[in-house]
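Peer 1: Residue numbers (the numbering used here): 399 to 872. Below are the structure tokens for one structure; questions will follow.
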Amino acid sequence: MQNNNIWSHRWTFILAAVGSAVGLGNLWKFPYITGEYGGGAFVLVYLVTIALIGVPVFMAESLLGRKSRKSPVDGVTKLAKENGATPLWGGVGIMGAFTGVLILSFYSVIAGWAIHYFIRFATGALVGIDADAAGAELGNLFASPVNLTIYHTLFMAATMFIIGLGVHKGLERGVNVLLPLLFVMLIVVAIYAGINGDFGAAASFLFSFELSKLSLEGWLAALGHAFFTLSLGMGSIFVYGSYMSSESSLAKTAVTVAVLDTVVALIAGLAIFSLIFGNGLEASQGPGLLFVSLPLAFAEMPGSAFFGAFFMALVLFAALSSSISILEPIVAFFVSKGVNRVLTTLVVGLFVWLVGMLTVFSFNVLAGFTPIGEWTMFDIFDKLTSNVTLPLGGVLLSLFAAWVLTKETLVAQIPNDTVRMIWIALARFVAPLGVTFVMLKALSVPMLWALVAAVAFVALVSVVQVKAGAARQA
């Protein structure tokens, strides 16, 4: 009889994990930071970092989830107890849940912008607009707490509906429909962009590897985005791993997810930059690239209303596939305690929605409320999670999996000797060192001190865990 908490098929887990990874980061953030940091040079560093940091940490999270078959909080606590480590490791799961609440609270608001633009494109309101009108469109949206609240509510309701249905009826059906549809939509948009834009210029921009164009800030941005795009450090992959079949290969699955996520980002980049360059617009438009520059790019093209709406629907599907992965770990924790899934989803979802209202108001009625420097509540949520809790959670889970779990456990989870040794080296040293360095640099720590602190942190953990392992064996 099939376990109700196991994915029906290996590819369902892959689709779920890809859905978690593919979101606004691929369609909104990746294109604009690529434009800001030199194009192909940025892409090259990004690809290398995915391989050296993203894949090992992804394997660590999914391994821990599959081994424990529990939520992140209970799972890490259980494995720590079984392996003679301090139960304080369970705090990593709590931090992940906290991070998930904050991220989904503002992620839902940003996804709501796509609902607005979908409606505006579909009704023909953005056909033929100029630069001033495109800027005013986003400004007017920010100035309306009512509209932002409506869109935020609609997006959260859709997320809660899917999660409330459960693993098979909700998550599986959701990813089995959303992800194939998302890929088809992305290909259609890419073909449209190639025909109506400048595909050659886009390809040259993305794949001309001129390292001289890459600044230190660009290198750090590539390192950070490679980590964050795979939804690591907040429990999503941990929970999805807990639904993963014992027969599935962790390494093959992680590589497959990383490749598919990267392919989506690159296709999205080709489509977006084809439209940008084909209309004589600048690639380095920053965060407004998707919601200001693209409406301008679509404005004068044949079928602009339909394809503009089609593209925003793609953004919405991608955002929804990620949002369900953020909410699921929090709901899974309470469900494991015997609480009804529908009730839990409703209560947690409403709480996240309420926290999200701080982001809604930070663009208008609370725009002048800056508790830390010039940061609004949205800035605080974004920077706290992106620069601190996400990377810290990912580092700790990677170290926990590679250092605390016994050799026997690692052999059982990663049977191939060569793959296991490579993963251990990357998960124990390379990934923690890289992510810790990025985290410290993001907090404005000078480079030399950030490097020294990162090395010291990884070395300290290594020494402590070597001694703990020797004590267990004794």
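Glycine included, every Cβ here is placed at the ideal spot set by N, Cα and C.
What whole-angstrom Cβ distance do residue 655 and residue 584 have, given they're in contact under 8 Å?
Peer 2: That belief does not hold up - the Cβ atoms of residue 655 and residue 584 are roughly 16 Å apart, past 8 Å.
Peer 1: For residue 400, does the three-state DSSP call read helix, strand or coil?
Peer 2: Residue placement at residue 400 is poorly supported in this model, since its pLDDT is 38, which falls under 50; the coordinates still yield a value, given next. Residue state, collapsed to three classes: coil.
Peer 1: Assuming residue 757 and residue 732 form a contact by the criterion Cβ under 8 Å, report the distance between their Cβ atoms to the nearest whole angstrom.
Peer 2: Actually they are not in contact, since the Cβ atoms of residue 757 and residue 732 sit about 24 Å apart, beyond 8 Å.
Peer 1: Contact check, residue 784 vs residue 635 under 8 Å by CB: the rounded distance?
Peer 2: Residue 784 to residue 635, Cβ: 17 Å. No contact.
Peer 1: Consult DSSP for residue 770 and reduce its assignment to one of helix, strand or coil.
Peer 2: Reduced to three states, the DSSP call for residue 770 is strand.
Peer 1: Below 7 Å between beta carbons: does that hold for residue 491 and residue 470?
Peer 2: Yes. Within cutoff.
Peer 1: Beta-carbon within less than 7 Å of residue 501's beta-carbon, same chain only, minus the 5 sequence neighbours each way: which residues are those?
Peer 2: Cβ neighbours of residue 501 beyond the five flanking positions: 632, 724, 783.
Peer 1: Candidates 841, 813, 807: which alpha carbon is nearest residue 465's?
Peer 2: Minimum Cα distance to residue 465 is reached at 807.
Peer 1: What do you get for residue 810, buried or exposed, if any count of 16 or more other CB atoms within 10 angstroms of its CB means buried?
Peer 2: It is exposed - the Cβ of residue 810 has fewer than 16 other Cβ atoms within 10 Å.
Peer 1: Take every Cβ of the stretch 639-652, pair it with every Cβ of the stretch 481-489, and state whether three or more of those distances are shorter than 8 Å.
Peer 2: Segments in contact, no.
Peer 1: Does residue 804 come out as helix, strand or coil in the three-state DSSP assignment?
Peer 2: It is coil, neither helix nor strand.
Peer 1: Rounded to a whole number of angstroms, what is the C-alpha to C-alpha distance between residue 837 and residue 457?
Peer 2: Near 21 Å, if we compare the C-alpha coordinates of residue 457 and residue 837.
Peer 1: Taking the continuous alpha helix (DSSP H) assigned at residue 460, which residues delimit it?
Peer 2: Residue 460 -> alpha helix (DSSP H) spans 453-466.
Peer 1: To the nearest angstrom, how far is the alpha carbon of residue 707 from that of residue 564?
Peer 2: Taking the straight line joining both Cα atoms gives about 30 Å.
Peer 1: Contact defined as beta carbons within less than 8 Å: I believe residue 525 pairs with residue 697. What is the distance between those atoms, to the nearest angstrom?
Peer 2: Contact flag correct, Cβ pair sits at about 6 Å.
Peer 1: Tell whether a beta-carbon distance below 7 Å holds between residue 717 and residue 509.
Peer 2: Contact flag set, yes.
Peer 1: Along the alpha helix (DSSP H) that carries residue 558, what are the first and last residues, could you check?
Peer 2: Residue 558 -> alpha helix (DSSP H) spans 543-562.
Peer 1: If you compare alpha carbons, which of 681, 741, 812 is closest to residue 434?
Peer 2: Of the candidates 681, 741, 812, the one whose C-alpha sits nearest the C-alpha of residue 434 is 681.
Peer 1: With a CB to CB cut of under 6 Å and the five nearest residues on each side skipped, what residues in its chain are close to residue 829?
Peer 2: Cβ within range, chain order: 451, 454, 455, 796.
Peer 1: Find the nearest neighbour of residue 775 within the set 826, 760, 788, judged by alpha-carbon distance.
Peer 2: Nearest option by C-alpha distance: 760.
Peer 1: Check residue 435 in the structure and name its three-state DSSP category.
Peer 2: DSSP places residue 435 in coil when its eight states are reduced to three.
Peer 1: Out of 834, 562, 628, 637, which one is the CA nearest neighbour of residue 657?
Peer 2: Ranking 834, 562, 628, 637 by Cα distance to residue 657 puts 628 first.
Peer 1: Looking at the secondary structure, which residues open and close the alpha helix (DSSP H) in which residue 638 lies?
Peer 2: Where residue 638 is concerned, the enclosing alpha helix (DSSP H) stretches over 634-640.
Peer 1: Does residue 644 pass the burial test, meaning 16 or more other C-beta atoms within 10 Å, or should it be called exposed?
Peer 2: The residue in question, residue 644, is exposed, as its Cβ has fewer than 16 Cβ neighbours within 10 Å.
Peer 1: Note down the Cα distance separating residue 726 from residue 739, rounded to an integer number of angstroms.
Peer 2: Roughly 10 Å between the two C-alpha positions.
Peer 1: Around the Cβ of residue 420, are there at least 16 other Cβ atoms within 10 angstroms (buried) or fewer (exposed)?
Peer 2: Its Cβ being crowded by 16 or more others within 10 Å, residue 420 is buried.
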